[in-house]
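Chains as they are written, first to last, in the working numbering: chain A, 6 to 155; chain B, 6 to 155.
Protein chains: 2
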Amino acid sequence: METINPNHTVESLNDLLTAHDIKPTSQRLEIARLLFAHHNHFAAEEIFSMINHGSHSQINSASQNSVSKATVYNTLGLFARKGLVREVIADPNKVFYDPNTRPHYHMYDPSSGELTDISADTVQISGLPAAPSGREVEGVDIVVRLRRLE
Amino acid sequence: METINPNHTVESLNDLLTAHDIKPTSQRLEIARLLFAHHNHFAAEEIFSMINHGSHSQINSASQNSVSKATVYNTLGLFARKGLVREVIADPNKVFYDPNTRPHYHMYDPSSGELTDISADTVQISGLPAAPSGREVEGVDIVVRLRRLE
DNA sequence: TTTCCATTTAGAATCATTATAAACGTTTGC
DNA sequence: GCAAACGTTTATAATGATTCTAAATGGAAA
Numbered sequence: 006m007e008t009i010n011p012n013h014t015v016e017s018l019n020d021l022l023t024a025h026d027i028k029p030t031s032q033r034l035e036i037a038r039l040l041f042a043h044h045n046h047f048a049a050e051e052i053f054s055m056i057n058h059g060s061h062s063q064i065n066s067a068s069q070n071s072v073s074k075a076t077v078y079n080t081l082g083l084f085a086r087k088g089l090v091r092e093v094i095a096d097p098n099k100v101f102y103d104p105n106t107r108p109h110y111h112m113y114d115p116s117s118g119e120l121t122d123i124s125a126d127t128v129q130i131s132g133l134p135a136a137p138s139g140r141e142v143e144g145v146d147i148v149v150r151l152r153r154l155e
Numbered sequence: 006m007e008t009i010n011p012n013h014t015v016e017s018l019n020d021l022l023t024a025h026d027i028k029p030t031s032q033r034l035e036i037a038r039l040l041f042a043h044h045n046h047f048a049a050e051e052i053f054s055m056i057n058h059g060s061h062s063q064i065n066s067a068s069q070n071s072v073s074k075a076t077v078y079n080t081l082g083l084f085a086r087k088g089l090v091r092e093v094i095a096d097p098n099k100v101f102y103d104p105n106t107r108p109h110y111h112m113y114d115p116s117s118g119e120l121t122d123i124s125a126d127t128v129q130i131s132g133l134p135a136a137p138s139g140r141e142v143e144g145v146d147i148v149v150r151l152r153r154l155e
């Protein structure tokens with residue numbers, strides 16, 4: 006179930022982007038707001054349609070917020086490169102963007118498309134090999150794949 | 006269960022497909038031979054080009070081995086559904102097919118496209134949550150993402 | 001044989017994503 | 001304040017993996 010976090014003001018989002026070396030434009034703030042207000046993972050196309058057909062515009066805003074598809078993709082790529090969000094590769098058809106960049110894992114149900122978090126606190130992994138020379142480990146992704154019971 | 010053996014004969018491949026409830030056609034045998042002869046993961050497009058532009062045709066063979074792109078995709082999907090191979094979701098741009106269906110994990114280097122196995126023998130994981138009701142865990146994928154050292 | 005059913009095929013369609021090149025908006029230098 | 005310079009956004013085209021479609025093929029069975 007999805008909850009909305011109202012504790013992200015335009016100010017704090019501004020600071021968040023700035024702290025990650027991202028110039029805060031209105032489009033970037035709009036996308037960041039969507040990502041950080043919901044406790045959910047979104048694909049680029051979902052974010053695009055939430056902004057354009059969705060009911061997420063500010064109450065008092067006179068301007069109809071609209072961001073082009075190209076900008077949505079560019080911005081999510083930028084956010085990921087700057088470490089503001091994390092890409093989750095769990096479905097071959099689309100990339101999910103996760104506003105939680107702290108270590109944690111995922112559970113994925115392809116039949117519903119639902120991607121949920123697994124806290125890293127309770128999970129123990131050991132025995133993973135070191136990176137080969139010239140490389141370093143960027144991260145460890147764990148995806149628990151689910152299927153409908155027969 | 007099947008073991009990976011570089012000396013797969015046409016007969017043993019035949020049996021392998023039959024044991025997995027797959028009718029062995031010449032195209033399916035050709036694709037299975039590629040997958041099981043190499044200790045490697047391949048994407049559909051790689052298999053397609055190995056068959057068509059690759060150096061895998063018999064020198065003295067009068068028959069030019071050629072499998073259409075549609076059949077390569079259909080066959081790999083069939084193999085995966087029947088449990089003969091496993092899909093590996095590590096790169097957003099393509100699905101890898103892994104002839105090793107026993108539990109094991111992967112290391113992925115996006116900069117080279119190299120996907121290598123991590124044996125499950127040395128890896129310990131605990132504390133993963135159970136599947137929600139109505140679902141079961143199909144598998145646990147671990148991908149150690151690599152990056153070039155700066 | 002002739003029929004039937006699965007398999008294969010070429011090519012079109014799809015869909016997420018990326019590239020292109022123009023338009024736009026801000027900042028900066030004067 | 002004004003204009004060049006630069007980064008950002010945009011519509012649109014292009015890409016590339018994958019899936020779909022509908023026809024052709026081929027083997028098994030009657």
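Ideal Cβ positions, reconstructed from N, Cα and C, are used throughout, including at glycine.
From the listed residues A:ILE147, A:ARG140, A:ALA24, the smallest Cα separation to A:HIS109 is found for A:ILE147. Burial state of B:ASP126 is exposed, judged by a 10 Å Cβ sphere holding fewer than 16 other Cβ atoms.
Residue contact check for A:GLU143 against chain B: a CB pair falls below 7 Å. Shown here, A:ARG140 sits in a strand according to DSSP, grouped into three states. A:ARG152 is positioned such that its CB atom lies closer than 7 Å to that of B:GLU141.
The Cβ neighbour count for B:ALA37, taken over all protein chains shown within 10 Å, is at least 16; the residue is labelled buried.
Contact between A:ILE94 and B:ALA95 holds, with the beta-carbon distance rounding to 6 Å and staying under 8 Å. For the segment 112-138 of chain A, the beta-carbon criterion of a distance under 8 Å to any beta-carbon of chain B is satisfied by MET112, ASP114, ILE123, THR127, VAL128, GLN129, ILE130, SER131, GLY132, LEU133, PRO134, ALA136, PRO137. Per DSSP, A:LYS99 is one residue of the beta strand (DSSP E) stretching across 99-103. Separation of the CB atoms of B:GLY132 and A:VAL145 is rounded to 14 Å, and the pair is thereby denied contact status at 8 Å. Of the candidates B:PHE47, B:ASN57, B:VAL15, B:PHE47 places its Cα closest to the Cα of B:GLU119. Excluding sequence positions up to five before and after B:GLU50, its CB lies less than 6 Å from no other CB in the same chain.
If you compare the alpha carbons of B:LEU81, B:TYR113, B:ALA42 with that of B:HIS13, the shortest gap goes to B:ALA42. Contacts with chain A at 7 Å (Cβ-Cβ) do not include B:LEU81.
For B:ARG91, the uninterrupted beta strand (DSSP E) run begins and ends at 91-96, by DSSP. Spanning the alpha carbons of A:GLY139 and B:SER138 requires a straight line of approximately 44 Å.
With distances taken between CA atoms, B:VAL72 lies nearest to B:LEU39 out of B:GLY88, B:ASP103, B:ASN98, B:LEU39.
Collapsing the DSSP output to three states places B:VAL15 in a helix.
Setting aside the 5 residues that flank it on each side, A:ALA85 is surrounded in the same chain by ARG91, GLU92, TYR102, each with a C-beta closer than 8 Å to its C-beta; the list follows chain order.
Note on A:VAL77: 16 or more other CB atoms within 10 angstroms of its CB, so buried under the neighbour-count rule. Excluding five sequence positions before and after A:THR80, the CB atoms of its chain that fall closer than 7 Å to its own CB belong to GLN32, ARG33, ILE36, given in chain order.
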